[in-house]
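Remarks on the structure that follows.
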Amino acid sequence: MKITLFWHRRDFRLHDNAGLAAALSSGYPVVPLFIYDREILDLLPSRRDARVTFIYDQVERLAQETAQAGGTFLAMYGRPLEVFEQLLTRYEVAAVYTNEDYEPYAAERDTAVAELCQRHGATFQAYKDQVIFAKREILSKSGSPNRTFSSYRNAWLDKLQDEDLQPYPSKELFTAERLGHLPDAEPRPGLESMQFERFEQFVPAAELPAEAVVRNYHLTRNSPGQVNSSTRRSVHLRFGTLSVRELMRQARDLNPKLLAELIWRDYFMMLLWHFPNTATESYDPRLRHVPYRNNEEEFKAWCEGRTGYPLVDAGMRELNQTGYLPNRARIAAAGFLVKHLLIDWRWGDKYFADKLLDYDMAQNVGNWQWMAGTGVVAAPWFRVYSPQSQQEQYDPTFAYVWQWVPEFGTCEYPKPIVEHKFARQRAVDTLRAAYQAAG
Ligand SMILES: Cc1cc2nc3c(=O)[nH]c(=O)nc-3n(C[C@H](O)[C@H](O)[C@H](O)COP(=O)(O)OP(=O)(O)OC[C@H]3O[C@@H](n4cnc5c(N)ncnc54)[C@H](O)[C@@H]3O)c2cc1C
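Here the sequence shown is numbered in my numbering, starting from 62 and rising by one per residue.
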């Protein structure tokens with residue numbers, strides 16, 4: 062019996078899933094698949110990783126939903142090419158369906174898997190699902206990616222049609238007649254068999270945020286100390302437990318500011334696809350050889366939330382304890398690292414990558430390079446936010462700081478690691494010299 066495999070990656074849901082809907086219409090019984098990818102898992106710094114626990118729980122949920130619908134869900138542990146070699150040899154696979162993934166590693170992996178499928182006489186088909194517009198769908202008049210967000214956003218809004226936000230009927234199609242049943246399927250791996258320990262963190266529900274949160278978003282999003290100040294849906298967008306089309310529809314109907322933030326997400330995803338080298342080097346060639354100070358002691362103080370700047374410290378402590386930090390605290394912490402401490406943005410990017418529950422390469426790299434002034438789109442290199450002004454503006458009652466830095470205001474709280482005016486001047490002088498040296 063010929064089957065179609067549907068390979069889940071960043072789309073842990075049955076409803077409104079573009080690739081899954083296409084697979085279920087392929088004419089062959091569909092067997093959903095997830096691969097615990099050792100190319101990724103073996104590089105994680107800890108065997109207690111909340112993201113791996115989250116993924117594991119989603120895979121188990123999908124497996125149950127598939128069994129209830131009358132089908133088999135395959136979960137395998139290994140390297141994707143080896144897993145596919147095994148599956149394509151063992152089963153008569155007509156096609157592999159999946160949703161596109163725009164990270165550099167994923168793009169290479171998918172090319173190799175597509176070639177392997179071809180050798181086995183199977184097709185490989187990937188669908189746009191995690192963004193509204195991707196790759197070359199929005200380009201400037203000269204045919205290259207827009208270099209300002211406002212021009213990208215305007216083109217994005219001009220292009221948007223109702224059908225771009227329509228849900229796909231994957232859940233409706235997910236019925237016993239369209240699913241494959243493999244009685245000889247291998248048992249799914251457990252966390253322990255992959256040498257991981259269970260490590261849970263709080264993740265809000267995978268549903269659309271309450272209407273009031275969305276309506277007030279533009280008023281609250283910059284108040285990290287306030288409950289429900291933002292949607293807290295980044296983890297679900299990262300893992301596809303929430304459909305981006307659903308959240309976009311809600312944002313379009315209720316709050317243009319939220320819609321704009323979601324367009325940033327599309328934009329950074331598109332930029333990383335066009336410029337995969339920016340994952341590891343500054344986009345601006347003039348800022349590839351900045352003599353960053355990279356002081357390890359200061360980096361450690363930043364990581365641990367001991368800089369003596371309360372908004373930065375509160376953010377880093379929230380990150381360390383929960384795997385989340387609000388956007389305003391991300392901006393304060395990142396700006397302080399790259400400008401006040403003059404530490405390479407890649408150190409901060411790596412630290413966030415290890416800790417953030419919602420870690421997404423495109424969003425993280427795009428935002429870090431924005432803060433460092435080195436990106437495809439970037440804040441002006443000479444902009445150095447004053448931590449004190451940010452504190453006054455975004456957490457004037459210190460509600461956020463008290464939540465995460467209980468010793469603030471006592472003699473136990475450290476003195477500022479560096480004086481703001483001095484650090485500001487040092488950053489501006491260093492970056493100006495780097496520009497001048499590059500000609
Ligand atoms: C240095 C730095 C690193 C970041 N790293 C990540 C990351 O790894 N993963 C990640 O998802 N976001 C990242 N962000 C963007 C942003 O901070 C988070 O998406 C947001 O704080 C998540 O909380 P929320 O869901 O409540 O966001 P909300 O404010 O409710 O926004 C809704 C959604 O819009 C999108 N969004 C909001 N702000 C941004 C932004 N600046 N850039 C891109 N998309 C945005 C996100 O998908 C978010 O979930 C980073 C920002 C900075 C400054």
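Note that the Cβ used here is the ideal one computed from N, Cα and C, for glycine as well.
Contact the stretch 355 to 369 vs the stretch 458 to 478: 3+ CB pairs below 8 Å | yes
Residue range of the beta strand (DSSP E) that includes Trp442 = Looking at the DSSP string, Trp442 is not in any beta strand (DSSP E), and its letter there is neither H nor E.
Do Phe260 and Arg109 have their C-beta atoms closer together than 8 Å?
-> yes
Is any heavy atom of ligand 1 found at a distance shorter than 7 Å from the C-beta of Leu417?
-> yes
Do you know whose CA, among Arg74, Ala237 and Glu238, lies nearest Tyr229's CA?
-> Arg74
Identify which residue in Leu200, Phe134, Ala321 and Pro285 has its Cα closest to the Cα of Leu66.
-> Phe134
Do Tyr328 and Thr435 have their C-beta atoms within less than 8 Å of each other?
-> no
DSSP state of Phe145, grouped into three classes?
-> helix
Which residues does DSSP pair with Ala175 in a beta bridge?
-> Ala175 pairs with nothing; no bridge assigned.
Just curious, the beta strand (DSSP E) that His297 is in, first and last residue?
-> That residue, His297, is in no beta strand (DSSP E); its alpha helix (DSSP H) goes Ser295 to Phe300.
Bridge partner(s) assigned by DSSP for Asn160 | Tyr188
May I ask whether a heavy atom of ligand 1 can be found less than 7 Å away from the beta carbon of Pro387?
-> yes
If we ignore side chains and look at the alpha-carbon of each, how far apart do Leu200 and Pro206 end up?
-> 5 Å
Considering Pro209, what are the terminal residues of the alpha helix (DSSP H) in which it resides?
-> The amino acid at residue 209 is misidentified as Pro; the sequence shows Thr. Element bounds for Thr209: n/a, residue is neither H nor E.
Terminal residues of the continuous beta strand (DSSP E) containing Lys63?
-> Lys63 to His69
Span of the beta strand (DSSP E), counted from its first residue to its last, around Phe95 = Val91 to Asp98
Assuming Phe115 and Val264 make a contact with CB atoms under 8 Å, what is their CB distance in whole Å?
-> 7 Å
Verify whether the separation of the beta carbon atoms of Gly241 and Gly132 is less than 8 Å.
-> yes
Please state whether DSSP places Ala246 in a helix, a strand or coil.
-> coil
Buried or exposed by the 16-neighbour rule on C-beta atoms within 10 Å, applied to Phe235 = buried
How many Å lie between Arg197 and Arg208 at the Cα?
-> 14 Å
Give me the Cβ distance between Met309 and Leu226, rounded to the nearest whole Å; I'm assuming they're in contact under 8 Å.
-> 6 Å
So the alpha helix (DSSP H) Met432 belongs to, where does it begin and stop?
-> Met422 to Ala433
Kindly indicate which residue of Gln451, Val399, Ser450 and Ser86 has the alpha-carbon position closest to the one of Ala484.
-> Val399
Spell out a yes or no on whether the stretch 389 to 409 and the stretch 446 to 457 are touching, meaning 3 or more CB-CB pairs, one atom from each, closer than 8 Å.
-> yes
Please list, in chain order, all residues of the same chain as Tyr455 whose beta carbon is under 6 Å from its beta carbon, the five residues on each side excluded.
-> Asn283 and Arg389
Compute the minimum distance between the beta carbon of Asn428 and the heavy atoms of ligand 1, and state whether it is under 7 Å.
-> yes
Look up Gly139 in the DSSP assignment and give the residues it is bridged to.
-> Asp98
Coil, strand or helix - Leu200 by DSSP | coil
Under the criterion of a Cβ to heavy atom distance below 7 Å, does Trp325 qualify as lining ligand 1?
-> yes
Give the DSSP-derived three-state secondary structure of Ala155 in the structure shown.
-> strand
Cβ of Arg391 within 7 Å of any heavy atom in ligand 1?
-> yes
Compute every distance between the C-beta of Met432 and the non-hydrogen atoms of ligand 1, then say whether any falls below 7 Å.
-> yes
Three-way DSSP call (helix, strand, coil) for Leu221 in this model = coil
Would you give the residue range spanned by the alpha helix (DSSP H) that Pro317 belongs to?
-> Pro317 to His335
Return helix, strand or coil for Leu75, following the three-state DSSP convention.
-> coil
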